[in-house]
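Chains as they are written, first to last, in the numbering used here: chain Y, 135 to 492; chain L, 3 to 326. The beta carbon of each residue, even a glycine, is placed where N, CA and C say it ideally should be. The next block holds one structure in the form of structure tokens; read it before the comments.
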Amino acid sequence: MIVFAYVWVGAFGLQGDGLLDKASLLAERIWFQNALIFGAYALLACLLWRGSRLERWVSAWKRLRRDWIGMGSLGLIVVFLAVGTLDLVQLPIKEGKQTALDALSAFVVTESGYSAPLATHTLSLSNPTKLIGHHLLGTDALGRDTLVRTLKGARTALLIGGLTSVIYIPIGVLLGILAGYYRRWVDDLVQYAYSTIASVPEILMLVAILMVLGKGLVSMALALGLTGWVGMARMIRGETLRQVERPYVAAAQALGQSNWKIMTRHLVPNVMHLVVIKFVLGFSGLVLAEAILSYLGVGSPVGTASWGAMIDASRSELSREPMVWWNLAASATALFLLVLSLNVFGDSLRRAFDPRRG
Amino acid sequence: MLAYLIRRLVFSVPIVFGVMLVTFFLFFVVQSPTAMARRILGQKATPQAVENWLHNRGYDKPLLVNTRSGEAVYDTLFVSQMKRLVTFDLGNSDVSGRPLRDVFASGVLPSLLITVPAFFVGFLMALGVSLYLVFVRDSLLDVVATLLCVALMSVPPMVYIIFGQYLVAQQLNYLPAFGFSLQGLSTVKFLFLPVGLMVISGIGAEVRLYRALFLEELGQDYIRTARAKGLSSTRVLMVHVLKNGMINLITVVVASLPFLIMGSVVMENFFGIPGLGNVLFSAIQASDFAVVQASVFLGSLLHLGGLLLTDLCYAWVDPRIRFQ
Chain Y
135 MIVFAYVWVG AFGLQGDGLL DKASLLAERI WFQNALIFGA YALLACLLWR
185 GSRLERWVSA WKRLRRDWIG MGSLGLIVVF LAVGTLDLVQ LPIKEGKQTA
235 LDALSAFVVT ESGYSAPLAT HTLSLSNPTK LIGHHLLGTD ALGRDTLVRT
285 LKGARTALLI GGLTSVIYIP IGVLLGILAG YYRRWVDDLV QYAYSTIASV
335 PEILMLVAIL MVLGKGLVSM ALALGLTGWV GMARMIRGET LRQVERPYVA
385 AAQALGQSNW KIMTRHLVPN VMHLVVIKFV LGFSGLVLAE AILSYLGVGS
435 PVGTASWGAM IDASRSELSR EPMVWWNLAA SATALFLLVL SLNVFGDSLR
485 RAFDPRRG
Chain L
3 MLAYLIRRLV FSVPIVFGVM LVTFFLFFVV QSPTAMARRI LGQKATPQAV
53 ENWLHNRGYD KPLLVNTRSG EAVYDTLFVS QMKRLVTFDL GNSDVSGRPL
103 RDVFASGVLP SLLITVPAFF VGFLMALGVS LYLVFVRDSL LDVVATLLCV
153 ALMSVPPMVY IIFGQYLVAQ QLNYLPAFGF SLQGLSTVKF LFLPVGLMVI
203 SGIGAEVRLY RALFLEELGQ DYIRTARAKG LSSTRVLMVH VLKNGMINLI
253 TVVVASLPFL IMGSVVMENF FGIPGLGNVL FSAIQASDFA VVQASVFLGS
303 LLHLGGLLLT DLCYAWVDPR IRFQ
């Protein structure tokens, strides 16, 4: 492994942050970003279409539809998804970058400083100036509308959750199934790899990776992905070990199907519902992790509209006179609602897929 | 028992080696020592200063294979770093130059003062609440309480702290928000708020977990037998479920014990407590790689210690487990 890493570094020059810089340069392109979003939704649609042909998924959906708490939280998640997607889609108009959300909120003016929700003047004891526009949730230190900033925070949360999931789910599922199917030395190797990663406390691992890679959304997703696959692999391995004992695997083997086909055609669909549940519950953890890492100063780069960064900034705002509370209230509420609905929906999914164990 | 302990210890050796490998790869390969020196010394540092800095720490050696004539092949950064970690020579802070041994040693007590009371209070409260919820399972109270738990664990920890500090300490002025010092009664008074906040921020997840573990136990066959025998549901719950559920609980709880030493980064930073969490926080702010590297190594040792402790406890409380 060391030798491989050494050669790799020598050949591609990962010294410093060269490779990451190139990756972020590509990520700056408008067409690339839009293609990624389209790809992500296509992937989701594919998954749902595949699921609609599985009997287990159909019955789970029937059960889920009767669960109004679960459906309510799903609705809230869809709203967050829509807002985040609006701020991800880049419009090829004007110079520089403009997202669909920017275009929609173009009429919102920037003031000269703090102003309370629905106030008419800026928040200043000595010389309050008249506001140009109306701000439902007030404005922040730079006079930007709090509601717009909060909505833009959904983008960061979605981006981190989505990018990380794209990294950790394939690694976790692949290694978990390989370990559970082949057992013996493959299992030993996979178990060794995840025990090693898991034995480093998560927060330390994240901080270490992010300190080396530097701040940024891509490196944050990379760090969270490199630590996050462990739980997935462990769970999928356990379930695969159980599934391999079932007669359908023996039947497929007796019919002479290749190992690869058994894994992709038979095992993957049978563990996929666990992946979906873990994905939803893990997403809430990722959104929270983004906020905490941004708070610790190793997360989002300065200037990103992130709920964690907004909460961090509000520490000094609360001790101002008069107090500025609306930035904290808006960002904390948004973060809370998204994490809550993901957690509740994840629980509902679990109940729907496995009604015996409530 | 001793043979079992020794075998478990031997099993964790490759994992410790793996952790050392990962940290080396991260801190010396992904980011070259030269880049690290530049980030610590600043962009204005002269090449000479960077070279001196590297030489003083022995970071100017080749990474893996020494091809310089007159020097041993194994005289490399990799070997010297491994040697240092194995002998627990943690070295000095990259920024302040203080020995890391002292830095960590001074942070242990403040961290433990927060985490140990919070752990025990939180554990007992979660145990009580979850047992009661299992007792009234499937009632409206159970549904509402479970939802409340999810809500409690969905609030970011920073928000709890900001509200606690603002409301209890600054507005109501019941308890102090800053000024940690080790002086008898005032320390105890100071600790109330951080400990309380830590309990609140952790209780939702704990209750949910314990409740699930107890419910799983309730589904077992022996519970049906006990009920069929005519035992009251209180007795079944308090004696049978609690006793057997505790076995599962221990695996979850004991593994987290060593982490108490590490403290809570966010909590300590907000309250200005000079514990290990704060050591990590200031290391991040100052790009002190030596501190982070040593923390990763020590943290993984703690984790492995927790796993070992769990296995021993498990074997101790459950006589069915033989050390095979």
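Quiz item: Does the Cβ of R40 (chain L) lie closer than 8 Å to at least one heavy atom of the ligand GDP?
Solution: For the structure depicted, the ligand GDP is absent and the ligand set is empty, with no information on it obtainable.
Quiz item: Would a C-beta distance cut-off of 9 Å place A367 (chain Y) and L297 (chain Y) closer than the cut-off?
Solution: no
Quiz item: Could one say the Cβ of R200 (chain Y) lies closer than 9 Å to chain L's Cβ atoms, at least one of them?
Solution: no
Exercise. Can you tell me which of the three DSSP states P456 (chain Y) falls into?
Key: coil
Exercise. Please name the residue or residues paired with S249 (chain Y) in a DSSP beta bridge.
Key: Y:T273
Practice problem: Measure the beta-carbon distance from G124 (chain L) to E208 (chain L) and round it to whole angstroms, keeping in mind my assumption that it falls under 8 Å. | Solution: 6 Å
Quiz prompt | For P101 (chain L): DSSP bridge partner residues | solution = L:N94
Quiz item: In terms of residue numbering, what span does the alpha helix (DSSP H) encompassing Y168 (chain L) cover?
Solution: No alpha helix (DSSP H) contains Y168 (chain L), which DSSP labels as neither H nor E.
Practice problem: Check whether the segment 238 to 258 of chain L touches the segment 220 to 227 of chain L, taking contact to mean three or more Cβ pairs, one atom from each stretch, closer than 8 Å. | Solution: yes
Practice problem: Check each residue of the segment 282 to 293 of chain L: if its Cβ is closer than 8 Å to any Cβ of chain Y, include it; give the result in chain order. | Solution: L282, F283, I286, Q287, S289 and F291
Quiz item: By how many angstroms is the C-alpha of A327 (chain Y) removed from the C-alpha of L257 (chain Y)?
Solution: 55 Å
Self-check item: Cβ neighbour criterion (16 or more within 10 Å) applied to T382 (chain Y)
Solution: The question names Thr, but residue 382 (chain Y) is Tyr in the sequence shown. Exposed is the call here.
Quiz item: Do R289 (chain Y) and L235 (chain Y) have their C-beta atoms within less than 9 Å of each other?
Solution: yes
Practice problem: Give a yes or no on contact between the segment 52 to 63 of chain L and the segment 35 to 44 of chain L, applying the rule of three or more CB pairs nearer than 8 Å. | Solution: yes
Quiz prompt | Burial state of R210 (chain L), where buried means 16 or more other Cβ atoms lie within 10 Å | solution = buried
Exercise. Could you tell me whether the Cβ atoms of I337 (chain Y) and S353 (chain Y) are closer together than 9 Å?
Key: no
Quiz item: Of all the options L:I17, L:L11 and L:F13, which has the alpha carbon lying nearest to the alpha carbon of I496 (chain Y)?
Solution: It is not possible to answer for residue 496 (chain Y), since the shown part of chain Y is limited to 135 through 492.
Practice problem: Report yes or no: do the segment 148 to 158 of chain L and the segment 468 to 480 of chain Y share at least 3 C-beta pairs separated by less than 8 Å? | Solution: yes
Quiz item: What are the uninterrupted segments assigned as alpha helix (DSSP H) that are 4 or more residues long and contained completely in the segment 266 to 351 of chain Y, given in chain order?
Solution: 280 to 316, 318 to 333 and 336 to 347
Self-check item: Rounded C-alpha distance that separates L199 (chain L) from S188 (chain L)
Solution: 18 Å
Quiz prompt | As assigned by DSSP and simplified to three states, the class of Q224 (chain Y) | solution = strand
Practice problem: Name the residue from L:L233, L:L310 and L:L133 whose alpha carbon lies nearest to the alpha carbon of M248 (chain L). | Solution: L:L133
Exercise. Just mark E270 (chain L) as buried or exposed, buried being the case when its beta carbon has 16 or more other beta carbons within 10 Å.
Key: buried
Self-check item: Inter-residue Cα distance where the pair is A464 (chain Y) and T280 (chain Y)
Solution: 7 Å
Quiz item: Beta-carbon separation of L408 (chain Y) and E373 (chain Y) under 9 Å?
Solution: yes
Quiz prompt | 6 Å CB neighbourhood of D320 (chain L) in its chain, flanking five on each side removed | solution = I249
Quiz item: Any residues in the segment 143 to 174 of chain L with a beta carbon nearer than 8 Å to a beta carbon of chain Y? Which ones, in chain order?
Solution: L149, V152, A153, M155, S156, V157, P158, P159, M160, V161, I164, Y168 and Q172
Self-check item: Sequence-distant residues of its chain with Cβ nearer than 6 Å to N404 (chain Y) (five each side left out)
Solution: Q377
Quiz item: N393 (chain Y) CB to nearest chain L CB: under 9 Å?
Solution: no
Quiz item: Among all the DSSP beta bridges, which residues are the ones paired with K264 (chain Y)?
Solution: Y:H255
Quiz item: What are the start and end residues of the alpha helix (DSSP H) that includes E379 (chain Y)?
Solution: Looking at the DSSP string, E379 (chain Y) is not in any alpha helix (DSSP H), and its letter there is neither H nor E.
Exercise. Return the CA-CA distance between W142 (chain Y) and I205 (chain L), expressed in angstroms with no decimal places.
Key: At W142 (chain Y), the pLDDT of 44 sits below 50, so the modelled position is not reliable and the matter cannot be decided from this model.
Quiz item: Going by Cα to Cα distance, which pick from Y:V432, Y:W394, Y:L293 and Y:T398 is closest to R184 (chain Y)?
Solution: Y:T398
Quiz prompt | Sequence-distant residues of the same chain with beta carbon closer than 7 Å to I171 (chain Y), five excluded per side | solution = T219, L222 and V223
Quiz item: So is L200 (chain L) in contact with chain Y if we call contact Cβ pairs under 9 Å?
Solution: Position check: residue 200 (chain L) holds Met in this sequence, whereas Leu was assumed. Chain Y contact via Cβ: absent.
Practice problem: Give the residues of chain Y in contact with G301 (chain L), contact being defined as C-beta atoms less than 7 Å apart. | Solution: V334, P335 and L338
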